[in-house]
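The structure appears right after this line, and notes come after that.
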Amino acid sequence: MSSAGKAATLLVLHHGSGFVLPNAWDAGSARVLEQVGFPALATTSAGIAWSLGVPDGGAVDRDTMLAHVGRIVAAVGVPVTADLESGYGAEPADVAATVRAAVDLGVVGGNLEDADGGGLFDVDVATERVAAARSAAPIGSFVLNARTDTYLAGTGADVFAATVERSVRYLEAGADCVFVPGVSDEEKIGRLAEAIPGPLNIVAGLASSTDARTLFALGVKRVSLGGSLARAMLSGLERAGRELLDSGTLGFLDGAVGYGEMQRRFGS
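Taking this note's numbering, I'd label the letters of the sequence shown as residues 59 to 326.
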């Protein structure tokens, strides 16, 4: 499928009854998730950072992050949308350059945060950054997911109202979808879905433990996982390591896919 076809496929998913978008952190995890049957994948900046042995939140530079994203895109045939954090640069032109670099890798969508260093950008500045991202990849060629961290960073005002205001501004600036992490109350999620005039993305497994079907019933269109799958994988690895160290037993292999089967899955 061409990049244009992948972008169209990803965009259509935002206007159905709702879809789950799992986040891969390397080529292997992406291939497994594709084989499970997901129609599109996202990357996770957290999972990629942890795979490099560093914390999430700016420890990985743009070129390193995009190199990992490129390997994920090359490993699968489904559309991939990338976690571009806050755009890797102080100026809107930097954001545009990041989006263009992602598009050159075959990425057909991306998240753009409105916070950096724990604080929100001024809404006018954040809107300008969304517009710059849109200018670098026209509507229909790249699904732009504008993330607002109002519920994580705080606003000093009515958080719900500020979230809706920012969401409207970002959609007007060209975003295709709005991502609101950190909100867990189902009543608030439903109100946000009703008030925001565009598809709403909620991350499951972070603040919200609400299952995907319930989120869809509340009006959410896109349910992503962030670093949750990577955390589950690393937690499993830690448990296996502790078992080996403490008892030398191999109980952690119960239910594991066999070597030959794993080879077959990665063989084509």
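Beta carbons are placed, not taken as given, at the ideal position from N, Cα and C, and that holds for glycine.
On the premise that residue j lies in contact with residue i, defined as a C-beta separation below 8 Å, what is that separation, rounded to the nearest angstrom?
{"i": "G167", "j": "P137", "result": "7 Å"}
{"i": "A160", "j": "I130", "result": "In fact, because the Cβ distance is near 11 Å, the residues do not count as touching under 8 Å."}
{"i": "L258", "j": "A251", "result": "5 Å"}
{"i": "L79", "j": "A104", "result": "With a Cβ gap of about 15 Å, L79 and A104 do not count as contacting."}
{"i": "V118", "j": "V112", "result": "7 Å"}
{"i": "L163", "j": "L110", "result": "About 18 Å; that fails the 8 Å criterion."}
{"i": "K279", "j": "G76", "result": "5 Å"}
With a CB to CB cut of under 6 Å and the five nearest residues on each side skipped, what residues in its chain are close to residue i?
{"i": "L69", "result": "V201"}
{"i": "A233", "result": "V188, L202 and A204"}
{"i": "V220", "result": "In the sequence as displayed, the identity of residue 220 is Ala instead of Val. T208 and T213."}
{"i": "A85", "result": "R129, I130 and A133"}
{"i": "L273", "result": "I260 and V281"}
{"i": "A100", "result": "L79, N81, T139 and S282"}
Determine the contact status of residue i and residue j, defining contact as a CB-CB distance below 8 Å.
{"i": "E296", "j": "F310", "result": "no"}
{"i": "A191", "j": "V238", "result": "no"}
{"i": "E244", "j": "L276", "result": "yes"}
{"i": "A194", "j": "A140", "result": "no"}
{"i": "V261", "j": "G294", "result": "no"}
{"i": "A290", "j": "W108", "result": "no"}
{"i": "I254", "j": "V217", "result": "no"}
{"i": "L170", "j": "L142", "result": "yes"}
{"i": "C235", "j": "G248", "result": "no"}
{"i": "R224", "j": "D172", "result": "yes"}
{"i": "G198", "j": "A65", "result": "yes"}
{"i": "G58", "j": "M59", "result": "Limits of the chain in this structure are 59 at one end and 326 at the other, which puts residue 58 out of reach."}
{"i": "V181", "j": "R227", "result": "yes"}
{"i": "A231", "j": "T185", "result": "yes"}
Just list the residues that DSSP pairs residue i with in beta bridges.
{"i": "F77", "result": "R280"}
{"i": "F237", "result": "R205 and N259"}
{"i": "S266", "result": "A262"}
{"i": "T101", "result": "A82"}
So does residue i have its beta carbon nearer than 7 Å to some heavy atom of the ligand SAM?
{"i": "G63", "result": "In terms of ligand content, the structure shown is empty, and the ligand SAM therefore cannot be addressed."}
For residue i, I'd like the list of residues in its chain whose CB is within less than 7 Å of its CB, leaving aside the five on either flank, ordered along the chain.
{"i": "Q93", "result": "R323"}
{"i": "L91", "result": "P80, A82 and L99"}
{"i": "A62", "result": "S199"}
In chain order, what residues of the same chain lie with their CB nearer than 8 Å to the CB of residue i, ignoring the 5 residues before and after it?
{"i": "S267", "result": "S242"}
{"i": "G74", "result": "K279"}
{"i": "T102", "result": "N81, A82, W83, D141, L283, G284, G285, L287 and A288"}
{"i": "D152", "result": "G145 and Y146"}
{"i": "D114", "result": "S103, A104, A107, W108 and G285"}
{"i": "L292", "result": "W108"}
{"i": "T122", "result": "L110"}
{"i": "D269", "result": "A262"}
At 4 residues or longer, and completely inside the segment 116 to 201: list those alpha helix (DSSP H) runs for me, N to C.
120 to 133, 150 to 162 and 181 to 194
Would you list, in sequence order, the uninterrupted alpha helix (DSSP H) runs of no fewer than 4 residues that lie entirely inside the segment 292 to 323?
317 to 323
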